[in-house]
Amino acid sequence: MNLKLIKGMRLVAATHNPGKAREIEALLDGNYEIVTAGSLNLPEPDETESTFTGNAMLKARHAAALSGEVCLADDSGLSVAALDGAPGIFSARWAGPTKDFTLAMQKVEQRLEEIGAADRRAWFTSALAVAWPDGPCVVVEGVVHGELTFPPRGDRGFGYDPIFIPEGGDLTYGELDPAIKEADSHRTRAFRLLKAALID
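So the sequence shown is numbered by numbering that gives the first Met the number 0: it starts at 0 and just counts up by one.
Next up, the structure:
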């Protein structure tokens, strides 16, 4: 079986978030027709795996099996060294049902204060999985290391961006011009690996 993504083909993005689908389309240089699992009324699976790659594969395989089409899924989040990698795969859940990341960032700061941790090392991970309906699945992972800063700075980006300073920089993802951030973000690094594996 030829595990390649042919330009012009349709890909199902295993998400119910139209914004994420647009981002995927842009990261794939507009060479694919992207439809969302949400637009196809596919239910979201329970994320029961213990790693980003595991959850990305679970979501991709679930959507591929239900749609009968090639599916792409991602799972991403923030890991903090002093918190033993938390929030990690629970990054979105720390923001609660309303996805309030101001609350999630406060929770990170509170946990660090509770344990008296001076260590501010952290990293963002993005795992991308592409699954075919008949079983094969390819998964890659992009990581960006950095450190946390409090209080949050900047109103660009999303999620935990205002407390994360990438390695070698002095601005948070919330302060950086989005084009500069996306030039080498964890998701961009993952897509670079995906393109090398399945497109180039």
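We put the beta carbon where it would ideally sit given N, CA and C, even for glycine.
In this text the structure is predicted, and so the values were computed from the model without any measurement.
When the distance is taken between beta carbons, is glycine 145 closer than 7 Å to glutamate 166?
By one-based count along the sequence shown, residue 166 stands at place 167. By one-based count along the sequence shown, residue 145 stands at place 146. Cβ distance < 7 Å, so glutamate 166 and glycine 145 count as in contact.
Please classify aspartate 209: does DSSP put it in a helix, a strand, or coil?
This structure leaves residue 209 out entirely; the chain is present only between 0 and 199.
Per DSSP, what kind of secondary structure is serine 78 in: helix, strand or coil?
As a first step, residue 78 must be located in the sequence shown, where it is residue number 79. Strand.
Around the C-beta of leucine 41, are 16 or more other C-beta atoms found within 10 angstroms, so that it is buried, or is it exposed?
Sequence index remark: in the sequence shown, residue 41 carries index 42 (1-based). Answer is buried; the Cβ neighbour count reaches 16.
Comparing alpha-carbon positions, which option in Leu127, Ser125, Ala126, Arg110 lies nearest arginine 119?
By one-based count along the sequence shown, residue 119 stands at place 120. The candidate whose alpha carbon is nearest that of arginine 119 is Arg110.
Express the C-alpha separation of aspartate 74 and valine 142 in angstroms, rounding to a whole number.
For this step, residue 142 is matched to residue 143 along the sequence shown. For this step, residue 74 is matched to residue 75 along the sequence shown. The straight-line gap from Cα to Cα measures roughly 12 Å.
Quick check on the DSSP output: the alpha helix (DSSP H) that includes arginine 191 runs from which residue to which?
Looking up residue 191 in the sequence shown gives position 192. Element bounds for arginine 191: 185-197.
Verify whether the separation of the beta carbon atoms of alanine 128 and alanine 59 is less than 7 Å.
Taking the sequence shown and counting its residues from 1, one reaches residue 128 at position 129. Taking the sequence shown and counting its residues from 1, one reaches residue 59 at position 60. Yes, Cβ-Cβ distance for alanine 128 and alanine 59 is below 7 Å.
Ends of the beta strand (DSSP E) at threonine 201?
Because the chain in this structure spans residues 0 to 199, residue 201 falls outside the shown range and cannot be described.
Please tell me whether serine 125 and histidine 185 are closer than 7 Å, where the distance is taken between their beta carbons.
On the sequence shown, residue 125 is found 126 positions in, with the first residue counted as 1. On the sequence shown, residue 185 is found 186 positions in, with the first residue counted as 1. Going by C-beta atoms, serine 125 is nearer than 7 Å to histidine 185.
What did DSSP end up calling glutamate 43 once you bin it into helix, strand or coil?
As a first step, residue 43 is located in the sequence shown; it is residue number 44 there, counting from the start. Coil, per DSSP.
In the DSSP assignment, find the unbroken beta strand (DSSP E) run with alanine 20 in it and report its ends.
Within the sequence shown, numbered from 1, the residue matching residue 20 stands at position 21. Looking at the DSSP string, alanine 20 is not in any beta strand (DSSP E); the run it does join, the alpha helix (DSSP H), is 17-26.
How big is the Cα-Cα spacing for alanine 189 and arginine 9?
Taking the first residue of the sequence shown as position 1, residue 189 is located at position 190. Taking the first residue of the sequence shown as position 1, residue 9 is located at position 10. If you take the alpha carbons of alanine 189 and arginine 9, they lie about 20 Å apart.
Report the residue from Ser66, Ala117, Cys70, Phe157 whose alpha carbon sits nearest the alpha carbon of alanine 103.
Taking the first residue of the sequence shown as position 1, residue 103 is located at position 104. Minimum Cα distance to alanine 103 is reached at Phe157.
Can you list, in chain order, the residues of its chain whose CB lies under 6 Å from that of proline 151, leaving out five sequence neighbours each side?
What you label residue 151 is simply residue 152 of the sequence shown in a count that begins at 1. Only Met104, Pro161, Ile162 meet the Cβ criterion.
With DSSP as the reference, label arginine 60 as helix, strand or coil.
To locate residue 60, count along the sequence shown from 1; it is residue 61. Arginine 60: helix per DSSP, three-state reduction.
Would the beta-carbon of threonine 35 fall within 7 Å of that of alanine 55?
Position 36 of the sequence shown, counting from 1, holds the residue named residue 35. Position 56 of the sequence shown, counting from 1, holds the residue named residue 55. In this structure, alanine 55 does not lie closer than 7 Å to threonine 35 by Cβ.
Go to proline 165, then tell me how far its beta strand (DSSP E) extends in each direction, as first and last residue.
Counting from 1 along the sequence shown, the entry for residue 165 is found at position 166. Start and end: 163-165.
Identify which residue in Lys180, Glu181, Asn16, Val137 has its Cα closest to the Cα of alanine 196.
For the purposes of this step, residue 196 is identified with residue 197 of the sequence shown, where counting begins at 1. Per the Cα distances, Val137.
May I have the straight-line CA-CA distance separating proline 86 from glycine 76, to the nearest angstrom?
Taking the first residue of the sequence shown as 1, we reach residue 86 at position 87. Taking the first residue of the sequence shown as 1, we reach residue 76 at position 77. Going from the Cα of proline 86 to the Cα of glycine 76 covers about 8 Å.
Just the C-alpha distance for histidine 250 and glutamate 46, rounded to the nearest angstrom, thanks.
One cannot answer for residue 250 here, as it falls past the ends of the chain, which runs 0 to 199.
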